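Read the structure below first, then the notes.
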Amino acid sequence: MAGSSTDLAAEVAELQTLLAQTKTSGNRRDLEQLLQRKQKLLQAAEPQQDEPMEVDAPVVAPVEEPVKVAAQPATSDLTTFTEISRFGWEDDGYGKEKVAVYIMSGVDGVGSLPKENVTCHFTKTSFDLKVGVLTWLLLLCRLIKQHLEKEIDPAKSSFRVKKNRVTISLHKADKNNTWMNLTAKNPLKSSSKPDTSDPTAGIMDMMKVRTSVVVGRRDLV
199 MAGSSTDLAA
209 EVAELQTLLA
219 QTKTSGNRRD
229 LEQLLQRKQK
239 LLQAAEPQQD
249 EPMEVDAPVV
259 APVEEPVKVA
269 AQPATSDLTT
279 FTEISRFGWE
289 DDGYGKEKVA
299 VYIMSGVDGV
309 GSLPKENVTC
319 HFTKTSFDLK
329 VGVLTWLLLL
339 CRLIKQHLEK
349 EIDPAKSSFR
359 VKKNRVTISL
369 HKADKNNTWM
379 NLTAKNPLKS
389 SSKPDTSDPT
399 AGIMDMMKVR
409 TSVVVGRRDL
419 V
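Printed below as a string of structure tokens:
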């Protein structure tokens, strides 16, 4: 018991250190959840050291919780992310409803994975793709993009998995928008609404669009 408690205390300390160094919200959320589980286990393990004689009898039934944790690979919840750095995208064009994102590098064999091992979460201004296999360690490839250049409809956005490829379909909130970039170059500026009280604001925006070359493209990042 003492060894187990000591190991748990060391794991808690290590997770706290990792959490302090983690900046991305997704990783922080995963580490916080794992840290909470480890702390609960540590709290459950410490009282048992004071009553060693009761461990074998009462703990058999109630102690299913520690048994479950032992079954959870260590808990191999310590998630390792491999960021997907190469992908392509293209806008179907003005008046079209979709922007497509293609992931063909680093996801070999993705089509053979169980459906639950490939997920994609959408918000109005972001998407978060995770591809993973639960082994001793939860290994994940991930592509997360925040501050999309234009808003999308999360409910109508989707993704499709093939043998060695994942295609994400972003459904435009306004099909008359043309995307020049996948993500906004100036997120703060793009998220602010135009001042409708200024009658020249719309004219200036139109002039900016006219000076841009609108090309539906598929960039390789």
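Count along the sequence shown from 1, add 198, and you get the number used in the working numbering. Backbone N, C-alpha and C fix where the C-beta goes; we use that ideal spot for every residue, glycine too. None of these values were measured; they are calculated from a predicted model.
Item                                                                                                                                                   : Value
Leaving out five residues before and five after Val359 in sequence, what residues of the same chain have Cβ atoms less than 7 Å from its Cβ?           : Val308, Gly309 and Val316
Here's the rule I'm using: 16 or more other beta-carbon atoms within 10 Å means buried, otherwise exposed. How should Glu435 be labelled?              : In this structure the chain extends from 199 to 419, so residue 435 is not present and cannot be described.
For Lys322, does the count of other Cβ atoms within 10 angstroms reach 16, so buried, or fall short, so exposed?                                       : exposed
Measure the C-alpha to C-alpha separation of Val210 and Arg235 and round it to an integer number of angstroms.                                         : 9 Å
Would Leu232 and Leu206 be called neighbours here (beta carbons separated by less than 8 Å)?                                                           : no
In three-state terms, what does DSSP make of Glu209?                                                                                                   : helix
Alpha carbon to alpha carbon, how far is Ile460 from Asn374?                                                                                           : Because the chain in this structure spans residues 199 to 419, residue 460 falls outside the shown range and cannot be described.
From Ala208 to Ser223, what does the alpha carbon distance come to, in whole angstroms?                                                                : 24 Å
In the DSSP assignment, the beta strand (DSSP E) including Ser367 goes from what residue to what residue?                                              : Arg363 to His369
Does the beta-carbon distance from Val289 to Thr376 come in below 8 Å?                                                                                 : Contrary to the premise, residue 289 reads as Asp rather than Val in this sequence. Closer than 8 Å, so yes.
Just the Cα atoms here: how many angstroms apart are Ile221 and Ile282?                                                                                : It is worth fixing the name first, because residue 221 is Lys in this sequence and not Ile. Roughly 18 Å separates the two Cα atoms.
Looking only at its own chain, which residues have a Cβ that is under 7 Å from the Cβ of Pro385, when we skip the five neighbours before and after it? : His345
From this set, Lys370, Ile350, Ile366 and Gln237, which residue's C-alpha is nearest Phe285's C-alpha?                                                 : Ile366
Return the residue from the list His369, Ser356 and Leu217 that minimises the CA-CA distance to Cys318.                                                : Ser356
Roughly how many angstroms separate the alpha carbons of Trp287 and Gly330, rounded to a whole number?                                                 : 22 Å
Can you give me the Cβ contacts of Gly304 inside the same chain, cut-off strictly under 6 Å, excluding the 5 residues immediately before and after it? : Ile282 and Cys339
Among residues of its own chain, excluding the 5 on either side of Glu295, which ones have a beta-carbon nearer than 7 Å to its beta-carbon?           : His369, Lys370 and Lys373
Who are the near neighbours of Arg227 in its chain, counting only those whose CB is closer than 6 Å to its CB and skipping five residues on each side? : none
Check each candidate in Lys313, Leu327, Glu314 and Ser203 and name the one with the smallest Cα separation from Phe279.                                : Leu327
According to DSSP, simplified to helix, strand and coil, what is Ser324?                                                                               : strand
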